[in-house]
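Structure first, then comments.
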Amino acid sequence: MNVSIKTPEQIAAMRIAGRLAADVLEMITPYVKPGISTGELDQICHDYIVNVQDAIPAPLNYNGFPKSVCTSLNEVICHGIPSDSKVIKDGDILNIDVTVIKDGWHGDTNRMFYVGNVPEHAKRLCVVAQECLYQAIEIVRPDCKLSDIGTIIAKHARGKHYSVVEEYCGHGIGLVFHEDPQVLHYGEGYNRRNDLVLKEGMTFTIEPMINAGKKHTKLNMKDGWTVTTKDRRLSAQWEHTMAVTSDGVEVLTARPDEPFYQESK
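No gaps in the numbering here: position 144 of the sequence shown is 144 in full-length UniProt numbering, and each next residue is one more.
Dropping the structure here:
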């Protein structure tokens, strides 16, 4: 893998992009209510990124993706395309995935939303998916192995009787939206002799996709983007962009209500 090491100045620029991406999720939260369409949510995010943040929504036209954010409802694992005809309803769970480009640098993050009165089993899935991300973040530091991230995620998810999506993963990020390394969310499949050892200055996302049912996925061949669970059961995902520091990790897309949030440097 050709993994780039970012300088402190470059990480400072990524910190700005990350804070903007996090701010979009904070901004959109009050709008996530029964009766609004995912197309409307996309338009609100787009206008905020472009007009208020003076930034660029990275997904728009990325390899042909037609919208500015991804909106993944219920059984949609990732890459859901916002639509004016897709109206969210009471009891839904929704993932909004935001990537902002500021001065060339990317900040990528997503979170789950509860729409109205959500069943307890759906909430539990969302909570466990978030715990998977948080537990993985806790171990990131120099000399940690990339495979350790996937191992801790898979152990926690499977221990709660959920499955982990294997076809889609986290990724390096910087001036490029998706770069090395690929960050798998399960421990198997690594060649231990070539397992990447994390170093200060590496920047990447961790974004576990956790399924209530089986791990198998299905790509919508009509739109080429939307990925759902094959068994149509619920899926949940949480994501952060982070930088490996000299003694741990800085979560560049942290929100104020999260334990690892740091005031602006």
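Glycine included, each C-beta is placed from N, C-alpha and C at the ideal position. Bear in mind that the values here come from a model prediction, so they are computed numbers and not experimental data.
Item to check | Classification of Tyr31 by the beta-carbon crowding that lies within 10 angstroms, buried from 16 upward | outcome: Counting the other CB atoms within 10 Å of its CB gives Tyr31 a total below 16, which places it among the exposed residues.
Checklist entry - Three-state secondary structure (DSSP) at Arg124? => result In the structure shown, Arg124 sits in a helix (DSSP, three-state: H, G or I).
Next on the checklist: Quick check: Lys199 and Pro142, are their CB atoms within less than 8 Å of each other?
Outcome noted: Annotated as proximal: Lys199 and Pro142, with beta-carbon spacing under 8 Å.
Item to check | Collapsed DSSP secondary structure at Met221 in the structure displayed | outcome: Judged by DSSP in its simplified three-state form, Met221 adopts coil rather than helix or strand.
Checklist entry - Got a sec? Which residues, its chain only, sit under 7 Å from Pro181 by beta carbon, not counting five neighbours each side? => result Excluding sequence neighbours, Pro181 sits near Met1, Val3, Leu146, Gly172, Leu196, Phe204.
Next on the checklist: So for Glu239, helix, strand or coil by DSSP?
Outcome noted: Looking at Glu239 - three-state DSSP - the assignment turns out to be strand.
Item to check | Residue burial classification, Asp97 (beta-carbon count within 10 angstroms, cutoff 16) | outcome: So Asp97 counts as buried.
Checklist entry - Can you give the beta carbon distance from Pro59 to Ile49, rounded, assuming they're within the 8 Å contact cut? => result Incorrect: roughly 10 Å between the Cβ atoms, too far for contact.
Item to check | For Cys70, the first and last residue of its enclosing beta strand (DSSP E) | outcome: Start and end: 70-73.
Checklist entry - How would you call Gly224, buried or exposed, if buried means at least 16 neighbouring beta carbons within 10 angstroms? => result It counts as exposed.
Checklist entry - Mind checking whether His240 and Thr228 have CB atoms under 8 Å apart? => result Cβ atoms of His240 and Thr228: not closer than 8 Å.
Item to check | Continuous alpha helix (DSSP H) assignments of at least 4 residues falling wholly in the stretch 134-174 | outcome: Runs of the alpha helix (DSSP H) inside the stretch 134-174: 146-159.
Checklist entry - With burial defined as no fewer than 16 other Cβ atoms inside 10 Å of the residue's Cβ, what is the status of Thr29: buried or exposed? => result With a 10 Å radius around the Cβ and a threshold of 16 neighbouring Cβ atoms, Thr29 comes out exposed.
Item to check | Residues near His178 in its chain [Cβ-Cβ closer than 6 Å; skip 5 each side] | outcome: Residues His171 of the same chain have their beta carbon placed closer than 6 Å to that of His178, with the five preceding and five following residues left out of the count.
Checklist entry - Do Leu60 and the ligand SAM come close, with the Cβ less than 7 Å from some heavy atom? => result Judged by which ligands are present, the structure shown has none, so any question about the ligand SAM falls away.
Item to check | Span of the beta strand (DSSP E) around Ile101 | outcome: Taken as a continuous stretch (DSSP letters only), the beta strand (DSSP E) holding Ile101 covers 93-102.
Item to check | Best match in Arg158, Gly39, Gly201, Asp247 for proximity to Gly187 [C-alpha to C-alpha] | outcome: For the set Arg158, Gly39, Gly201, Asp247, the Cα lying nearest the Cα of Gly187 is the one of Arg158.
Checklist entry - Near Lys230, which residues of its chain fall below 8 Å by C-beta distance, leaving aside the five closest residues on each side in sequence? => result Lys214, His216, Thr217, Lys218.
Checklist entry - Any chance the stretch 15-27 sits against the stretch 255-265, with 3 or more Cβ pairs inside 8 Å? => result Enough Cβ pairs lie closer than 8 Å, so yes.
Item to check | Three-state secondary structure assigned by DSSP to His46 | outcome: DSSP places His46 in helix when its eight states are reduced to three.
Item to check | Ser8 versus Arg15 - alpha carbon distance | outcome: Looking at the sequence provided, one finds Pro at residue 8 rather than Ser. Cα to Cα, the separation comes out at about 10 Å.
Item to check | Alpha-carbon to alpha-carbon, Ala13 and Met202 | outcome: Cα to Cα, the separation comes out at about 14 Å.
Item to check | Residue from Ser37, Gly174, Asp247 whose Cα sits closest to the Cα of Asp103 | outcome: The shortest Cα separation from Asp103 among Ser37, Gly174, Asp247 belongs to Gly174.
Checklist entry - Just the Cα atoms here: how many angstroms apart are Gly39 and Leu20? => result Between Gly39 and Leu20, the C-alpha separation is close to 21 Å.
Checklist entry - Are the Cβ atoms of Leu234 and Leu133 separated by less than 8 Å? => result No.
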